[in-house]
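The structure appears right after this line, and notes come after that.
Protein chains: 2
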Amino acid sequence: MARVTIEKVAERAGVSVATVSRALRGLPNVSPKTRDRVVSVAAMLNYRPDPNAARLAAGRTRTVAVGVVAIPIWYTGQVVSGIEAVLTNRGYDLTLLLIADELVRTRALGDVGGGVSKRADGAIIVDLVPTVTERLLLAEHRLPWVMVGADCPTIDSVVIDNVAGAMSATRHLLSLGHTRLGLISGGPAAFPSSSPPERRTGFLRALDEAGVRFDPNHERVGDFSALGGYEAMQALLDLRQRPTAVFAMSDEMAMGAMRACEEAGLTVPGEMSVVGFDDVDWAFTVGLTTVRQDAAELGAIAARLMIERLEGEACDRRLVSVPTELVERSSTSAPSQ
Amino acid sequence: MARVTIEKVAERAGVSVATVSRALRGLPNVSPKTRDRVVSVAAMLNYRPDPNAARLAAGRTRTVAVGVVAIPIWYTGQVVSGIEAVLTNRGYDLTLLLIADELVRTRALGDVGGGVSKRADGAIIVDLVPTVTERLLLAEHRLPWVMVGADCPTIDSVVIDNVAGAMSATRHLLSLGHTRLGLISGGPAAFPSSSPPERRTGFLRALDEAGVRFDPNHERVGDFSALGGYEAMQALLDLRQRPTAVFAMSDEMAMGAMRACEEAGLTVPGEMSVVGFDDVDWAFTVGLTTVRQDAAELGAIAARLMIERLEGEACDRRLVSVPTELVERSSTSAPSQ
DNA sequence: GGCGACGGTGAAAGCGTTTTCACTTGCCGG
DNA sequence: CCGGCAAGTGAAAACGCTTTCACCGTCGCC
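Here the protein sequences line up with chains A and B, keeping their order.
My numbering numbers the first residue of the first sequence as -1 and each following residue consecutively.
My numbering numbers the first residue of the second sequence as -1 and each following residue consecutively.
Written out as structure tokens, the structure reads:
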């Protein structure tokens, strides 16, 4: 099965390689008759252009890089699969960049000129806000960027309204009559995203709105994992004056928190209400009240924005926000006396 | 910031491009002195070879394609992140191929000649067993393949011992005194992998070993999701003679199953024991007894095998099996009278 | 002291596309 | 009828590397 190149197609179709190239890519200035012939010859020979040659010649890769902090989180997986779906559909390749630590981060973002810019036409960054320095570097290599999960000024961003989401969760708790609320957050260090501070803001704003005071001691940081939530809740339970309800910034942390309660002999929601964030697929199995976000849709939108940037004409920076929705289940109730 | 090409480096270092190429890639036949000079000039100019040009010239891509069925599953995310880690570490790119349906599957596997073989040097397929026809097609384009999660004859495979894993779970249930066991499996249709039948085999073998009879009516298929497990368990609970314990082929299904029990007013493990498979990060939050597998490690091993195939000398087909481990928590106990 | 071998190097030929540019036609309007 | 313009086409120059091959010293060896 010898390599079939564009040249062979040209030969068999009795035209030049230039014409084949044009015909196959749907460019103008090819007569319908010629185009048909070329297309059918190509099909017959089962010709596939070599993407590398095309990339080299055209200077475009038809590839977008996706940078994520950590795949194994539910949220990340959803986003990536949303991106993948539309990218594949539009004939783009997707190259994964796992940004595990500072080192890799530098390699991927800072040094992006050599790193990414020759491998991809653009990059979608999931839940990672670039530093100012990094932003400058990005700008230098005129690569299109789109952020998902963080509203990054001057860069196309697709986000959820974390403030509103957190507020809805918090209001729900308040409306049930809770006045001593706990917060299981994710520290910037653990998860260098903008979501934690935003959700924190929403949480505090709802309290403020209701005139309820927040005891700073009632905030613990998890690392967005079940274990992190578990330990955070244990710490809260150790307090002499414990909260009667907690808002965890992710479902996984919420589940860890519920576990801690159970081990401490507290019933949920009887003695402790818990609300999470995400609505992961299995959240219903523990009756978790949570804030639903459609992470896959976030990814899909980001991919669409990217393709528009790559193929459409220049346009202003865009920001799209997809709504969240509180879903009430059985992990929350009025506080017991 | 003009493009810095290999030519510029050669110029500044006072050598030919050939020498630069050799020096930078650590090839022999370059004097240490020359190499040092080239390396430092390259660093100074911040030179990065264009991967596309390199691929075109060398005929190798330093990219491996990863085909997965569905990213959002815990298992898949783990595997991919394991792969990513070692690939990145060794200077390979990773391109993601989401194989969602038959259509894509054909495109990705069947048509692999044009599809993958020019984009990647090899492919790692996660949890998908290719049909015989597909295997022939793969063989045609001399691409190295490695399977993870399925022992595919003639192809390098890294797997866990599903039979043994399922047996350990089942024996555990039996040793507690259960004799009416239920099985929540994943149909081949829902999840075209070899794990479900293998786990089923292990389950049946353990029963057989113990001389316990299996009521075929006690098997329901989920789709490896929490919801699937939930519905499967509901069906089991509807039986006039229900099992007293069930083995679910994934933790997510197990959690759905536990939920169904709770809704039906059954206590776990009091009136129903449940054991899962995977040991997902949050399994401990519901006290799930389960069979732990290190999915990230599976991915890492697969990536290493792939790199060896690509860089090492030819060798026989390899099969590596990584052990599983039963972890006992609180979702299982002796049956109630 | 000659001779082959070998390490180090450069020139140049690809690799398989895309894209520019120049060159035909055929057609239209004047 | 002729000049000009547009559509259709091909030749050839990139694109930025890798790799082969030939070449030149230097060495070790008989």
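All C-beta atoms in this analysis are idealised placements derived from N, C-alpha and C, irrespective of residue type, glycine included.
Just reading off the beta strand (DSSP E) that residue i is part of, what are its end residues?
i              : result
R290 (chain B) : 287 to 290
S79 (chain A)  : Counting along the chain, S79 (chain A) falls outside any beta strand (DSSP E), though it belongs to the alpha helix (DSSP H) covering 72 to 87.
A243 (chain A) : 243 to 246
D276 (chain A) : 271 to 276
When DSSP labels each residue in this structure, what does residue i get in the three-state scheme?
i              : result
T322 (chain A) : coil
G120 (chain B) : strand
G111 (chain A) : Bear in mind that a pLDDT of 45 at G111 (chain A), under 50, signals an unreliable position, so the model cannot answer this.
A164 (chain A) : helix
L174 (chain A) : coil
F282 (chain A) : helix
S155 (chain B) : strand
W180 (chain A) : The amino acid at residue 180 (chain A) is misidentified as Trp; the sequence shows Gly. If DSSP states are grouped into helix, strand and coil, G180 (chain A) belongs with the strands.
Q335 (chain A) : coil
G220 (chain B) : strand
L94 (chain B)  : strand
L25 (chain B)  : coil
L317 (chain B) : strand
Q232 (chain B) : helix
L303 (chain B) : helix
L134 (chain B) : helix
G263 (chain A) : coil
Name, please, each residue of chain B whose Cβ falls closer than 7 Å to the Cβ of residue i.
i             : result
Q76 (chain A) : P70
Which residues of chain A have a Cβ atom closer than 7 Å to the Cβ of residue i, listed in chain order?
i              : result
S223 (chain B) : D279
V284 (chain B) : V284
E132 (chain B) : Result: empty, since nearest Cβ-Cβ is about 16 Å, beyond 7 Å.
Y295 (chain B) : The sequence shown places Glu at residue 295 (chain B), not Tyr. None at all; the shortest Cβ gap to chain A is about 13 Å.
T288 (chain B) : Correct list: empty, because the minimum Cβ distance to chain A is about 14 Å.
Label residue i either buried or exposed according to how many other C-beta atoms from any shown protein chain fall within 10 Å of its C-beta, with 16 as the threshold for buried.
i              : result
D236 (chain A) : exposed
K116 (chain A) : buried
E229 (chain B) : buried
V130 (chain A) : exposed
S329 (chain A) : buried
T265 (chain B) : exposed
V110 (chain B) : Its pLDDT being 46, under 50, V110 (chain B) is placed unreliably by the model, and the measurement read from it follows with that caveat. Label assigned to V110 (chain B): buried.
S14 (chain B)  : exposed
M42 (chain A)  : exposed
D34 (chain B)  : exposed
G12 (chain B)  : exposed
S223 (chain B) : buried
S191 (chain A) : buried
R197 (chain A) : buried
C313 (chain B) : exposed
G175 (chain B) : exposed
E207 (chain B) : exposed
G180 (chain B) : buried
P241 (chain A) : buried
D276 (chain B) : buried
Could you tell me which chain B residues have their CB closer than 8 Å to the CB of residue i, listed as they occur along the chain?
i              : result
S19 (chain A)  : Correct list: empty, because the minimum Cβ distance to chain B is about 16 Å.
G254 (chain A) : W280, T283
T3 (chain A)   : Residues of chain B passing the Cβ test: none, with the nearest at roughly 11 Å.
E311 (chain A) : Near E311 (chain A) there are no residues of chain B at all, since even the closest Cβ is about 24 Å away, more than 8 Å.
Given that residue i touches chain A, what residues does it touch there, using C-beta distances under 8 Å?
i              : result
D91 (chain B)  : T93, R117
S79 (chain B)  : A68, I69, P70, L96
T59 (chain B)  : N50
T168 (chain B) : In chain order: nothing, as chain A lies at least about 23 Å away.
T265 (chain B) : Per Cβ cutoff of 8 Å: no residues; T265 (chain B) is ~14 Å from chain A at best.
So which residues on chain A does residue i lean against when the C-beta distance must stay under 9 Å?
i              : result
A326 (chain B) : As written in the sequence, residue 326 (chain B) is Glu, which differs from the Ala given in the question. Chain A residues near E326 (chain B): none, gap ~16 Å exceeds 9 Å.
E269 (chain B) : Result: empty, since nearest Cβ-Cβ is about 17 Å, beyond 9 Å.
E250 (chain B) : D279, W280, T283
What residue range does the alpha helix (DSSP H) around residue i cover?
i              : result
A208 (chain A) : 193 to 208
T61 (chain B)  : From DSSP, T61 (chain B) is part of no alpha helix (DSSP H) but of the beta strand (DSSP E) over 61 to 66.
V37 (chain B)  : 30 to 43
V146 (chain A) : Here V146 (chain A) belongs to no alpha helix (DSSP H); instead the beta strand (DSSP E) covers 143 to 146.
E7 (chain A)   : The sequence given here has Val at residue 7 (chain A), not Glu. Counting along the chain, the alpha helix (DSSP H) containing V7 (chain A) begins and ends at 4 to 11.
Can you pull the chain B neighbours of residue i, defined as C-beta to C-beta under 9 Å?
i              : result
G257 (chain A) : Per the sequence shown, the amino acid found at residue 257 (chain A) is Arg instead of Gly. The answer, in chain order, is W280, F282, T283, V284, G285.
*Relative to chain B, which residues along the stretch 33 to 57 of chain A have a C-beta separation below 8 Å, given in chain order?*
N44, Y45, R46, D48, P49, N50, A51, R53, L54
*Mind listing which residues of the stretch 136 to 158 of chain A have their C-beta closer than 7 Å to chain B's C-betas, in chain order?*
E138
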